[in-house]
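*Asks:* The numbering used here numbers the first residue of the sequence shown as 1422 and each following residue consecutively.
From the three backbone atoms N, C-alpha and C, an ideal C-beta is built for every residue, glycine too.
What follows is a single structure, and I will ask about it in a moment.
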Amino acid sequence: MVHNRSLTSAGLVEAQFPGALHAAEHAAIGLLPLVASSDRWDIGGVSTALHADTGVPTIFVYDGHPGGAGFAERGFEKAKVWLTATRDAIKACECDTGCPSCVQSPKCGNKNNPLDKDAAVTLIDVLLRDAS
Ligand SMILES: [Zn+2]
Ligand SMILES: [Zn+2]
């Protein structure tokens, strides 16, 4: 979970949060095989949302077992590897505002909107910093 204050102190404005979360989610899902296949760590997926109750941007990493929602503790180290790889992939992409190689998803139900590539990198930086 990321606190609004961490994000704003990292230079993001609230209007960027949805695009940052959405872009980070797409890129993270794209890189899921990187961590999920290595030792069959059973990640069901990742989703990002502005939490309905608190308005706090939240990223959930959950395991694939029914009822196993929430942050998968045992996968924490892997999550760090995963998020680091996700951030690096977004950063390394040479497009300006996001493309299918980084933050766009052909399966997006929201027509890849909003997406904020630069803000996604900042978001993941904050996540990794706060998590360690
Ligand atoms: Zn790109
Ligand atoms: Zn989407």
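Compare the beta carbon distance of residue 1502 and residue 1456 with 8 Å and say whether it is the shorter of the two.
*Replies:* Position 81 of the sequence shown holds residue 1502. Position 35 of the sequence shown holds residue 1456. Yes, they are a contact pair.
*Asks:* Please work out which residues of its chain come closer than 7 Å, Cβ to Cβ, to residue 1524, disregarding the five sequence neighbours upstream and downstream, and give them in chain order.
*Replies:* Your numbering for residue 1524 matches position 103 in the sequence shown. Taken in chain order, the residues that qualify are 1444, 1447, 1448, 1511, 1536, 1538 and 1541.
*Asks:* Where does the unbroken alpha helix (DSSP H) through residue 1429 begin, and where does it stop?
*Replies:* If you number the sequence shown from 1, residue 1429 lands on position 8. Element bounds for residue 1429: 1425-1430.
*Asks:* For ligand 1, is there a heavy atom less than 7 Å away from the beta-carbon of residue 1519?
*Replies:* In the sequence shown, the residue the question calls residue 1519 occupies position 98. Flag set: Cβ of residue 1519 near ligand 1.
*Asks:* Give the DSSP-derived three-state secondary structure of residue 1435 in the structure shown.
*Replies:* Start at 1 with the first residue of the sequence shown, and residue 1435 comes out as number 14. Residue state, collapsed to three classes: helix.
*Asks:* When you compare each of 1534, 1453, 1518 and 1504 to residue 1549 by their alpha carbons, which one comes out closest?
*Replies:* Residue mapping note: residue 1549 aligns to position 128 of the sequence shown, counting from 1. Among 1534, 1453, 1518 and 1504, the Cα nearest to that of residue 1549 belongs to 1504.
*Asks:* Using 7 Å as the cut-off, classify the Cβ of residue 1526 as near or not near the heavy atoms of ligand 2, replying yes or no.
*Replies:* The residue you call residue 1526 lines up with position 105 of the sequence shown. For ligand 2, at least one heavy atom lies less than 7 Å from the Cβ of residue 1526.
*Asks:* Does the Cβ of residue 1513 have 16 or more other Cβ atoms within 10 Å, making it buried, or fewer, making it exposed?
*Replies:* Counted from its first residue, the sequence shown places residue 1513 at position 92. The residue in question, residue 1513, is exposed, as its Cβ has fewer than 16 Cβ neighbours within 10 Å.
*Asks:* What would DSSP say about residue 1521, mapped onto helix, strand or coil?
*Replies:* Indexing the sequence shown from 1 puts residue 1521 at position 100. Residue 1521 falls in the coil class under three-state DSSP.
*Asks:* Can you tell me which of 1440, 1453 and 1429 puts its alpha carbon nearest to the alpha carbon of residue 1499?
*Replies:* Along the sequence shown, one-based indexing puts residue 1499 at 78. The option with the nearest alpha carbon to residue 1499 is 1453.
*Asks:* Hey, residue 1508 and residue 1450: beta-carbon distance below 8 Å or not?
*Replies:* In the sequence shown, the residue the question calls residue 1508 occupies position 87. In the sequence shown, the residue the question calls residue 1450 occupies position 29. No, they are not a contact pair.
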